[in-house]
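Chains as they are written, first to last, in numbering that gives the first Met the number 0: chain R, 0 to 284; chain A, 0 to 255; chain E, 0 to 226.
For glycine and all other residues, C-beta sits at the position ideal for the given N, C-alpha and C.
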Amino acid sequence: MTERAYNFAYLDEQTKRMIRRAILKGLAIPGYQVPFASREMPMPYGWGTGGVQVSAAVLTPDDTLKVIDQGADDTTNAVSIRSFFQRTAGVATTTATRDATVIQTRHRIPEEPLREGQILVYQVPIPEPLRFLEPRESETRKMHSLEDYGLMHVKLYEDIARHGHIATSYAYPVKVEGRYVMDPSPIPKFDNPKLGNMAAIQLFGAGREQRIYALPPYTQVVSLDFDDHPFEPSKADHPCGMCGGTDSYLDELIVDDAGGRMFVCSDTDYCEGRQAAGHKGKDAA
Amino acid sequence: MTPLLSVQGVTKHYGPHIGCADVSFDLYPGEVMGIVGESGSGKSTLLNCMAGHLVPDSGQVVFDTRGHGPRDTVTMSEPERRMLARTDWAFVHQHARDGLRMGVSAGGNVGERLMAVGARNYADIRAKATDWLGRVEIDAARVDDRPTTFSGGMQQRLQIARNLVTGPRLVFMDEPTGGLDVSVQARLLDLLRGLVRDMGLSAIIVTHDLAVVRLLADRLMVMKSGRVVEAGLTDQVLDDPQHAYSQLLVSSVLQV
Amino acid sequence: MIELHNVSKTFTLHNQGSAVIEVIHGATFAVAPGECVALTGASGAGKSTLMRMIYGNYLTQAGEIRIGGVDIVQAQPREIIALRRDVLGYVSQFLRVVPRVPTLEVVAEPLRALGVPAADAQARAKALLARLNIPERLWSLSPTTFSGGEQQRVNIARGFAHAYPAMLLDEPTASLDAANREVVLSLIEEAKARGAAIIGIFHDEAARARLCDREIDVGRFSPGLAA
C-alpha cells in the first residue's frame, strides 16, 4: 500500500467536515461539549484518538506540527503521532513551540506563551467534569444546561475535608466565561492560569467519549475554588536541574537506587532553549 | 391566607392505567398532610407530580413562591423548578441511598445544597453542616465519614439534614420511616415533629403507616385506585372514617 | 361560647352490610363562658360521641356546632386545627404521644405550638407536673412507660397547660387517688373562674355536684326518643 492510498491527514473529507462543524460549534459555545461521530483510528483508545482526529481536521498542507506528551517531544506517544502525520499528511514537523502552527498535546500546556494563529489540540480521556460524582450522562447534560453546578464544589469540599486543602492537582475544573464548567484534560493545575486569555485557539478532543470542546482566543477561564481556600497553581518547589529555571513545571526523576532524584522541566523544548541560551542547573553535565 | 401549595385536578396516566386522577387540595403554611393508601393507590405518583419529578397529564400544582407569589410549577421552566427544588422544597426518599450521595462524606452531603445556591466559603459550609448533623442527632465527629458507614436510621437522619439545610418551606416525604426498626422510627418521628414545629415547615407525607400519620399529620387524604376517596382532619378520618375503603383500612390495622 | 343547634350523627358501617346507625339526633344546647356543664346518661347513650363531635374528632352529619364563632361542622380542617390550638382544649381518657418524647416536653407542647418560648413553656409544664404530684425524676422520661394513673395526670397537665377558653373533659378524675383528684378538681375550678366554658363527663358524682352548674342528659338526644 502506498501512502497515497490515504486522503490528506488520514481522514476522509466528509469526516473532517463533520469534525470541523463540531469544532466550530465548540468555539461558538466555549466550554460546551459537542458530541461528534468519533472514528476508529489506527491506534488504541487512550492514546490520543480524539486529539488526532481534531488535528487531522484542522491541519493544512502548510502547517507545522508539534506533538508533546507530558511536555516532552521525544516520548513514544509524541513520536508516534508526529510520524503518523508526517506519513499521512506530509506536513512539516518541529519540536520548537514558536515554530509550530498546530500543537497536539497530552497533559501539558507549553511554557512559552502561545500566539495568535497557533492551535493547541488537547487529548482528553474523560471530558465530563461531573462524571465522577454523577454517573448518569442524561443527568450531567441536564446539569450543564441548567448550570446546576453545586456538585462540582462538593468534589472540592471533599478534597479539603479529607486533605486539609484542595488536593486535586490535575484535571482541575474550570468555569468558562461564567457559564460552562469544563474539564481542562489532565493538565497539572499549574497550567490552569494559562488556559484563560490565551492568544491561541484551544481545541479538546475525546475520541472514546465522542466529545469535542473548545476555547476561542482570549476566553475567560476561572478555576473553581472557595473564598477561604483559593485556587493555587502549584509545582515542585525546586529549580530545574538542567536549565536552572524556577518558573516552569517540573518532573521528578529517580536517578539511582539510593533515593537520588532530580527535578527537570517537563517541557523539553523550553528546557533545551534555556540551556542553549547558557542557563545551567546544578545537575547539568 | 394564600395556600402554600394548591393542587388542582392533577391527573397522571401510565398508558391506559390511572396513576392518579383529578386530585385537588390546598396546603397552608405550617400544615402537615398525610396521604395514605395501599401500594398502587397512586400516592407516590401524586407526590412525584407535586415535587416535579413527574409531569402530570393535566392539572396545576401552584406553589406560593417567595419572589413572584403563586406560580404553576408544572408549566414553569425547568431551571426555575430546579431552583425551587433546591431552595424552597425538600424531598425525603424512603431509601436514604436514593436521597444521599453514598460516595460523599456526611458534611459534603449536607453542604451540597448550600453550594448549589452559591455558598463558596468552606468554613461556613462546614460549620452549617456540622450544626445540622447535631440537629439530627448525628455526632459531629462523623462529619467526614461516608454514609455507607452509617446505620439505616442515621442515613435517614442525614438525608433529612441534607434536605433541610437550606431552610425549605415545603417537605415532600415518601415513606420516611419505611424499612426502619420501630424504635428508630419513633426517634425519627420525634425529630421530624420538632423540626416541622420549630421551622414552621409544611409537609406532605406519603405512607401506608397509619400510626405515622396520626403522630405527624394534621390532615389526611385516603387514596384508592388513583383517586382521593376521603380527606379531612387526621384524627377524624382515622376515628370516624366515612368511606368504605377508609373504614376497611382503619379496621385492618393490628392493635398492639 | 359553645353552642349546639339541632346536631345529628349517624355511623354508616360500609363493611357490615352498610348498616346505618343514628346515635345523636337534634342535640341543642349552649355553654356560656365560666359555666361547667356535665353530660350524663347511661353507658352507650352517646356522651363520648357527642364530646368527640364537639372536638371535630367525629364528623357531624347535620346541625351546627359553634365554638367561639367557628362552626365545627362546616369548618375546614385548618380552621379546626387553629381552633384546637388556640381555643378548644380536650382532655381525653387516653394519652397519645410520640414514644421517646420526655414528659416535660409532652406537657409543654401545646404552649410551644402557640409560639411560647421553650423556657416559659417548660416552666409552666414543671409547675403543673409538680402540682399533679408527678415525681421530678420522671419528667425526663417518656410517659408511655408510666402507670395508668400517672399517664392520666400527665394528660391533664398537658390539657391545662394553655388557658383554653373552651374545654372538653372526658372523665378527668377517673383512676386518681383522693389527693390528685382534689388537685384536678381545683384546676377545673380555676379554669371556670377565669371564664372557660367547660363540658365534662364525670362518673364521679361528688365531683359533678361540686363543679357543674347544669347537667344535660344525652339520652334526650337519642334517636329513639326523638322519633
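Starting from the C-beta of D282 of chain R, find all residues in its chain whose C-beta is less than 6 Å away, skip the five residues before and the five after it, and write them out in chain order.
Closer than 6 Å at Cβ, skipping near neighbours: G240, M261.
Extent of the continuous alpha helix (DSSP H) to which E111 of chain A belongs
Residues 105-115.
Taking Y212 of chain R as part of the beta strand (DSSP E), name the residues at either end of that continuous run.
Where Y212 of chain R is concerned, the enclosing beta strand (DSSP E) stretches over 210-214.
Spatial neighbours of T129 of chain A within its chain, please: C-beta separation below 8 Å, excluding the five flanking residues on both sides.
So the qualifying residues of the chain are G106, A139, V142.
Taking the CB atoms as reference points, tell me whether P34 of chain R and Q209 of chain R lie closer together than 8 Å.
Result yes, Cβ atoms of P34 of chain R and Q209 of chain R sit closer than 8 Å.
Spell out the partners DSSP gives P187 of chain R in its beta bridges.
According to DSSP, which records beta bridges pairwise, P187 of chain R is partnered with R:Y169.
Between the region 5-20 of chain A and the region 269-282 of chain R, can you find at least three pairs of beta-carbon atoms closer than 8 Å?
No, because fewer than three Cβ pairs between the region 269-282 of chain R and the region 5-20 of chain A fall closer than 8 Å, the two stretches do not touch.
Figure out for me which residue from A:V35, A:D234, A:S57 has the closest Cα to the Cα of D21 of chain A.
For D21 of chain A, the closest of A:V35, A:D234, A:S57 by C-alpha to C-alpha distance is A:S57.
Kindly give me the distance between the Cβ atoms of G41 of chain A and G225 of chain A, rounded to whole angstroms, as I take these residues to be in contact under 8 Å.
About 4 Å; that satisfies the 8 Å criterion.
Does any residue of chain R have a CB that is nearer than 8 Å to the CB of A243 of chain A?
Answer no: the Cβ-Cβ gap between A243 of chain A and chain R never drops below 8 Å.
Count the other C-beta atoms from every protein chain shown that fall within 10 angstroms of the C-beta of D285 of chain R, then say buried if there are 16 or more, exposed otherwise.
No information on residue 285 of chain R is available, as it lies outside the stretch 0 to 284 that chain R covers here.
What three-state label does DSSP hand W138 of chain E in the structure shown?
Coil, per DSSP.
What's the call for V90 of chain R, buried or exposed, on a 16-neighbour Cβ count within 10 Å?
With 16 or more other Cβ atoms within 10 Å, it is buried.
Taking only beta-carbon positions, decide if I137 of chain A is within less than 8 Å of chain R.
False, the Cβ-Cβ gap to chain R never drops below 8 Å.
CB contact below 8 Å: I159 of chain R versus chain A:
Using a CB distance cut-off of 8 Å, I159 of chain R counts as an interface residue toward chain A.
On the three-state DSSP scale, how would you describe D281 of chain R?
It should be pointed out that residue 281 of chain R corresponds to Lys in this sequence rather than to Asp. Coil.
Pick out whichever of R:R20, R:D61, R:A71 has its Cα sitting closest to the Cα of C270 of chain R.
When the alpha-carbon of C270 of chain R is set against those of R:R20, R:D61, R:A71, the nearest one is in R:A71.
Are the beta-carbon atoms of L29 of chain E and E2 of chain E separated by less than 8 Å?
Just to set this straight, residue 29 of chain E is Ala in the shown sequence, not Leu. Less than 8 Å separates the beta-carbon of A29 of chain E from that of E2 of chain E.
Rounded to whole angstroms, what is the Cα-Cα separation between A225 of chain E and R219 of chain E?
With a pLDDT of 43 at A225 of chain E, under the threshold of 50, the predicted position of this residue should be treated as unreliable, though the coordinate-derived value follows. Taking the CA atoms as reference points, A225 of chain E sits about 8 Å from R219 of chain E.
Only counting the same chain, and skipping five residues up and downstream in sequence, which positions put a Cβ closer than 7 Å to that of K257 of chain A?
This structure cannot speak to residue 257 of chain A, because chain A is shown only from 0 to 255.
Could you give the DSSP three-state label for E39 of chain R: helix, strand or coil?
Note: E39 of chain R maps to coil in three-state DSSP.
Going along chain R, which residues have a C-beta under 7 Å from Y121 of chain A?
Ordered by position in chain R, the residues that pass the 7 Å Cβ test against Y121 of chain A are Y156, I159, F225, D227, H228.
What residues in the region 144-162 of chain E bring their beta carbon closer than 9 Å to a beta carbon of chain A?
Going along the region 144-162 of chain E in chain order, one finds no residue with a Cβ nearer than 9 Å to chain A.
Beta-carbon contacts of W131 of chain A that lie in its chain and below 6 Å, excluding the five residues immediately before and after
Within the same chain, W131 of chain A has close Cβ partners V109, A160, V164.
Count the other CB atoms, across all protein chains shown, that sit within 10 Å of the CB of V22 of chain E; report buried if there are 16 or more and exposed otherwise.
Its Cβ being crowded by 16 or more others within 10 Å, V22 of chain E is buried.
Would you mind sorting V116 of chain A into buried or exposed? The rule is 16 or more other CB atoms within 10 Å of its CB.
So V116 of chain A ends up on the exposed side.
Look at the Cβ atom of P142 of chain E, then the Cβ atom of V90 of chain E, and state whether they are nearer than 8 Å.
No Cβ-Cβ contact shorter than 8 Å links P142 of chain E with V90 of chain E.
With 8 Å as the C-beta to C-beta threshold (strictly closer), list the residues of the region 46-71 of chain E near chain A in chain order.
Taking 8 Å as the Cβ-Cβ cut-off against chain A, the residues of the region 46-71 of chain E that qualify are R51, G55, N56, Y57, L58.
Close beta carbons around T1 of chain R, own chain, < 7 Å, minus the five adjacent residues each side
Because the pLDDT of T1 of chain R is 49, which lies under 50, any placement of that residue in the model is unreliable, and the question is left without a value.
Taking only beta-carbon atoms, is P78 of chain A less than 8 Å away from chain R?
It does; some Cβ of chain R falls within 8 Å.
Which class does T74 of chain R belong to by DSSP, given the choice of helix, strand or coil?
Assignment of T74 of chain R by DSSP, reduced to helix, strand and coil, places it in the coil class.
Compare the C-beta of G110 of chain A with all C-beta atoms of chain R and state if any pair is closer than 8 Å.
At least one CB atom of chain R sits nearer than 8 Å to the CB of G110 of chain A.
V278 of chain E at chain A interface by Cβ criterion, 8 Å
Missing from the structure shown is residue 278 of chain E; chain E here goes from 0 to 226 and no further.
Would you check if the distance between the CB atom of D147 of chain R and the CB atom of R81 of chain A is smaller than 8 Å?
Contact flag set, yes.
Here's the rule I'm using: 16 or more other beta-carbon atoms within 10 Å means buried, otherwise exposed. How should N196 of chain R be labelled?
Classification for N196 of chain R: exposed.
Does chain R have any CB closer than 8 Å to the CB of M114 of chain A?
Yes, M114 of chain A lies at the interface with chain R (some Cβ there is under 8 Å from its Cβ).
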